[in-house]
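**Student:** Chains as they are written, first to last, in this note's numbering: chain A, 15 to 381; chain B, 32 to 473. For every residue, glycine included, the Cβ atom is placed at its ideal position computed from N, Cα and C. Computed from a predicted model, the values in this text were never measured in an experiment. Encoded as structure tokens, here's the structure I'll be asking about.
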């Protein structure tokens, strides 16, 4: 019998180890309610706390356009955790946030203070860090109640809108939870959130909200959003426009690079931004082929540089740093507690020197 | 002599005992008629004895087919091996006249290949050795013979290349063969169990019917055991990776066989872990899937009344029964079983809401990838492995499956096949060519 004692002992050890790493409760996939989006609004006037709206997916074995069904639940409570717990008594299955792809802050909440509501999102274990975060206009509940017509499965529109699988728009800047939390906590970089609003029975995302560490402070219009996207992400699937002698010329970008340096010049600091853009005409008057492209390029250079400079100055005036200039400064200067203080005094007076080099590669037509 | 034999075999009607007489000589012969080829008896004994072209007592001493048998204690065994006992002038001789009924013209049935040799080993030892020797024409090929089984006394041949074989493995095999105490050994699998595979999850020697595999094995320094009455040879020591090799891999184009090899390993991983992963992901970590898949699984599972592991067990039970049935059923009904089981049962089980449609896919993937493994006894071992893995999956989810797989890996790495590491990746036994006489005799 002794030959069995050693394996038995080993088995006992393995079982002990295995029990120590046991997973969470056994609950089958059909006993779970998948939350696909969660909206956080402040409670109605005169009450404390939050109004939480969840969009729950009703799974169906059929996947075809328009077959998606969802259930929307709203509840008010003093804390988010309490709201979720209360909500569980409204539904018949366990709530699972594992597939929750969108956390939407209501505009009214983000205009006052969003820090408290972040606590729940950043601590809850089944909240995935790759979830998208956005601002809901006028409030999150309205957006949650939108049921787009052609959804193949619940929430598909949201996944396609923000992910790279579906539409690729230069006006949509997706912000994921991990990046948002990083920006909230990092010195020298401020959070941004796309603004999602309802139009007819669908969503529109064209604007970007600029936040400081506590609340929403400014908003970029679609053109500025596109510019932001071009400077920060070198987003190539976009366009630049210029007005030349009354004509509007549009170049569709093939390649774009941008880099910047922060230099001390004289008494103050200057941020030198250089952009190289190459592309072909998407809209231009007839006969553009025969014109002198150097002049056209020069016009583009000036107008795009002015636009970029306007954006940078607007951001600077708002007192936020969505590009992370401060982080670059901290990273490239000797690190001590003084560095950050220096940057705080430099940024409001920072000068911008933007140079754009547009290279027109073709007229877009076959001659 | 005849009196003694008569008392040894009390009630055997097929025992033939005769005392013959010609002009000069009286001989006694005894044999078991059912074991012997009577034409041989008449060719070698009766005809020369009665025709008296030579003096028969001289013939017996000159013709090498007659061997002297000194020990009367061996008479019974010799008779039972199909020999004829012959007493001339008080001296006992034996003559091999065994008639062995065996499969004619054996074709490979278990391990089929497309372009390789189609002939399989024979159920008769002599034929098998003939097949192997003709494919391995080298004087270094050593053949040793022993018997195993206290009652059955089955003949076992040990074949190896005496220059290439690993001496320590050889002595270990000899010792183990001597220590076998089971009364009956009928098949190679039985022998491999008696040699130490009894409580193992993985087979430590390869059972094969292919002479080309045997020859490659011998050339690679391995030892081959052949058993009288079984057309399967045992090749040892074996490594895990040997079992994943089909003989085709030596014949077909290089890149294709490498891809097939990769495919096989993938299939092994799938067949072991897929049922457990299904339980773990569906019940613990549904966020691992893409959203689309999650919703479609959740939708198709919504009608299933049982938890996922019951579902898995139902389906695996069905598929195992199906495989078992199609192996056991006669060939003519076999295809009916698969049709009924595969088509009707799978469809109906899903439509009745007993299992989800994803589970049907999981089950078929598990079954199909199990059949990809080229050596049958390994395929059986792998087939079993998925069941223990279900238990940690039920209790601990994906982390449980991971730990379970780790346990298998640790166990594999710990295994030894006749003293050689079982999980060794570079599986060639180091060649000892040129080292003449290192293994000369027992």
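Quick one: Cα of residue 234 of chain A to Cα of residue 149 of chain A, how far?
**Tutor:** As a working note, residue 234 of chain A is residue 220 in the first chain. As a working note, residue 149 of chain A is residue 135 in the first chain. Answer to the nearest angstrom: the Cα atoms are 13 Å apart.
**Student:** Check residue 208 of chain A in the structure and name its three-state DSSP category.
**Tutor:** Reading the first chain from its first residue, position 194 is the one you call residue 208 of chain A. Looking at residue 208 of chain A - three-state DSSP - the assignment turns out to be strand.
**Student:** Please name the residue in B:99, B:58, B:63 and B:67 whose C-alpha comes closest to that of residue 79 of chain B.
**Tutor:** Against the second chain, residue 79 of chain B aligns to sequence position 48. Here the closest residue by C-alpha is B:58.
**Student:** With distances taken Cα to Cα, identify the nearest neighbour of residue 238 of chain A among A:250, A:221 and A:216.
**Tutor:** Taking the first chain and counting its residues from 1, one reaches residue 238 of chain A at position 224. The shortest Cα separation from residue 238 of chain A among A:250, A:221 and A:216 belongs to A:221.
**Student:** So, with DSSP's three-state summary, where would you put residue 376 of chain A?
**Tutor:** Translated into the one-based positions of the first chain, residue 376 of chain A becomes position 362. Three-state DSSP puts residue 376 of chain A in a strand.
**Student:** Is residue 287 of chain B helix, strand or coil by DSSP?
**Tutor:** By 1-based counting over the second chain, the position of residue 287 of chain B is 256. Looking at residue 287 of chain B - three-state DSSP - the assignment turns out to be helix.
**Student:** Does DSSP put residue 184 of chain B in a helix, a strand or coil?
**Tutor:** Taking the first residue of the second chain as position 1, residue 184 of chain B is located at position 153. Coil.
**Student:** Name the DSSP bridge partner or partners of residue 218 of chain A?
**Tutor:** Position 204 of the first chain holds residue 218 of chain A. Looking at the DSSP assignment, residue 218 of chain A forms a beta bridge with A:211.
**Student:** Count the other CB atoms, across all protein chains shown, that sit within 10 Å of the CB of residue 23 of chain B; report buried if there are 16 or more and exposed otherwise.
**Tutor:** Since the first residue shown for chain B is 32 and the last is 473, residue 23 of chain B is missing from the structure and cannot be characterised.
**Student:** Please state the DSSP three-state secondary structure of residue 29 of chain A.
**Tutor:** Within the first chain, the letter at position 15 stands for residue 29 of chain A. Three-state DSSP puts residue 29 of chain A in a helix.
**Student:** At 3 residues or longer, and completely inside the region 40-113 of chain A: list those beta strand (DSSP E) runs for me, N to C.
**Tutor:** Correct list: 46-56, 64-72, 83-91 and 108-110.
**Student:** In the DSSP assignment, find the beta strand (DSSP E) that holds residue 127 of chain B and state where it starts and stops.
**Tutor:** Working through the second chain from its first residue, we reach residue 127 of chain B at position 96. Per DSSP, residue 127 of chain B belongs to the beta strand (DSSP E) from 122-127.
**Student:** Determine the extent of the beta strand (DSSP E) in which residue 61 of chain B is found, giving its start and end residues.
**Tutor:** Mapped onto the second chain, residue 61 of chain B falls at position 30. It spans 57-63 - the beta strand (DSSP E) in which residue 61 of chain B sits, taken as one unbroken run.
**Student:** Around the C-beta of residue 151 of chain B, are 16 or more other C-beta atoms found within 10 angstroms, so that it is buried, or is it exposed?
**Tutor:** Here residue 151 of chain B corresponds to residue number 120 of the second chain, with the count starting at 1. Buried, by the Cβ-count rule.
**Student:** Can you tell me the Cα-Cα spacing of residue 202 of chain B and residue 228 of chain B, whole angstroms?
**Tutor:** Indexing the second chain from 1 puts residue 202 of chain B at position 171. Indexing the second chain from 1 puts residue 228 of chain B at position 197. Using only the alpha carbons, I get a separation of about 18 Å.
**Student:** Taking a cut of 8 Å between CB atoms, which residues from the region 319-335 of chain B lie near chain A?
**Tutor:** Under the 8 Å Cβ criterion, the region 319-335 of chain B contributes 322, 323, 325, 326, 327, 328, 329, 330, 331, 332, 333 and 335.
**Student:** Interface residues of chain A around residue 419 of chain B at Cβ under 7 Å?
**Tutor:** Looking up residue 419 of chain B in the second chain gives position 388. Residues of chain A passing the Cβ test: none, with the nearest at roughly 11 Å.
**Student:** Can you give me the C-alpha to C-alpha distance between residue 419 of chain B and residue 411 of chain B, rounded to a whole angstrom?
**Tutor:** Numbered from its first residue, the second chain carries residue 419 of chain B at position 388. Numbered from its first residue, the second chain carries residue 411 of chain B at position 380. The straight-line gap from Cα to Cα measures roughly 14 Å.
**Student:** What does the alpha-carbon distance come out to for the pair residue 120 of chain A and residue 159 of chain A?
**Tutor:** Within the first chain, residue 120 of chain A is the residue found at index 106, counting from 1. Within the first chain, residue 159 of chain A is the residue found at index 145, counting from 1. Answer to the nearest angstrom: the Cα atoms are 13 Å apart.
**Student:** Counting contacts by CB-CB distance shorter than 7 Å, is residue 74 of chain A in contact with chain B?
**Tutor:** Along the first chain, read from residue 1 onward, the residue named residue 74 of chain A stands at position 60. Chain B contact via Cβ: present.
**Student:** Could you please tell me which residues of the region 288-322 of chain B, in chain order, have their CB closer than 7 Å to any CB of chain A?
**Tutor:** From the region 288-322 of chain B, only 313, 314, 315, 317, 318 and 322 have a Cβ closer than 7 Å to chain A.
**Student:** If we count the other Cβ atoms within 10 Å of its Cβ and call it buried at 16 or more, is residue 210 of chain B buried or exposed?
**Tutor:** Within the second chain, numbered from 1, the residue matching residue 210 of chain B stands at position 179. Residue 210 of chain B comes out exposed.
**Student:** Answer with buried or exposed for residue 84 of chain A, where buried requires no fewer than 16 other C-beta atoms within 10 angstroms of its C-beta.
**Tutor:** Position 70 of the first chain, counted from the first residue, corresponds to residue 84 of chain A. Counting Cβ neighbours within 10 Å, residue 84 of chain A comes out buried, since at least 16 surround it.
**Student:** Let's see if you can read the secondary structure: which residues bound the alpha helix (DSSP H) around residue 257 of chain A?
**Tutor:** For this step, residue 257 of chain A is matched to residue 243 along the first chain. Per DSSP, residue 257 of chain A belongs to no alpha helix (DSSP H); it is in the beta strand (DSSP E), 253-258.
**Student:** On the three-pair Cβ rule with 8 Å, is the region 124-137 of chain A touching the region 326-333 of chain B?
**Tutor:** No, the region 124-137 of chain A does not touch the region 326-333 of chain B.
**Student:** Return the CA-CA distance between residue 153 of chain B and residue 22 of chain A, expressed in angstroms with no decimal places.
**Tutor:** Numbered from 1 along the second chain, position 122 holds the residue referred to as residue 153 of chain B. Numbered from 1 along the first chain, position 8 holds the residue referred to as residue 22 of chain A. Computed Cα separation, rounded: 43 Å.
**Student:** CB-CB under 7 Å to residue 45 of chain B, same chain, minus the five flanking residues each way: which ones, in chain order?
**Tutor:** Counting from 1 along the second chain, the entry for residue 45 of chain B is found at position 14. Contacts found: 63, 64 and 65.
**Student:** Measure how close the beta-carbons of residue 403 of chain B and residue 294 of chain B come, nearest whole angstrom, since I'm counting them as under 8 Å.
**Tutor:** Here residue 403 of chain B is taken as the residue at index 372 of the second chain, counted from 1. Here residue 294 of chain B is taken as the residue at index 263 of the second chain, counted from 1. Right, their Cβ atoms sit about 7 Å apart.
**Student:** In whole angstroms, give me the CA-to-CA distance for residue 472 of chain B and residue 289 of chain B.
**Tutor:** Looking up residue 472 of chain B in the second chain gives position 441. Looking up residue 289 of chain B in the second chain gives position 258. The predicted position of residue 472 of chain B is uncertain, since its pLDDT is 46 and thus under 50; a value taken from the coordinates is nonetheless stated next. Approximately 40 Å, taken between the alpha carbons.
**Student:** Distance cutoff 7 Å, beta carbons only. Does residue 144 of chain A sit that close to anything in chain B?
**Tutor:** Here the question's residue 144 of chain A lines up with position 130 in the first chain. Answer no: the Cβ-Cβ gap between residue 144 of chain A and chain B never drops below 7 Å.
**Student:** Ends of the alpha helix (DSSP H) at residue 346 of chain B?
**Tutor:** On the second chain, residue 346 of chain B is found 315 positions in, with the first residue counted as 1. Counting along the chain, the alpha helix (DSSP H) containing residue 346 of chain B begins and ends at 339-359.
**Student:** Alpha carbon to alpha carbon, how far is residue 112 of chain B from residue 397 of chain B?
**Tutor:** Within the second chain, numbered from 1, the residue matching residue 112 of chain B stands at position 81. Within the second chain, numbered from 1, the residue matching residue 397 of chain B stands at position 366. Approximately 47 Å, taken between the alpha carbons.
**Student:** Can you give me the start and stop residues for the alpha helix (DSSP H) that residue 238 of chain A sits inside?
**Tutor:** By 1-based counting over the first chain, the position of residue 238 of chain A is 224. Element bounds for residue 238 of chain A: 236-247.
**Student:** In whole angstroms, give me the CA-to-CA distance for residue 321 of chain A and residue 244 of chain A.
**Tutor:** Position 307 of the first chain, counted from the first residue, corresponds to residue 321 of chain A. Position 230 of the first chain, counted from the first residue, corresponds to residue 244 of chain A. Taking the straight line joining both Cα atoms gives about 12 Å.
**Student:** Suppose the cutoff is 6 Å on Cβ atoms and the five residues either side in sequence are ignored; what does the same chain contact list for residue 192 of chain A look like?
**Tutor:** On the first chain, residue 192 of chain A is found 178 positions in, with the first residue counted as 1. So the list reads 143, once near-sequence residues are dropped.
**Student:** In this structure, does DSSP put residue 196 of chain B in helix, strand or coil?
**Tutor:** Here residue 196 of chain B corresponds to residue number 165 of the second chain, with the count starting at 1. Here residue 196 of chain B sits in coil by DSSP.
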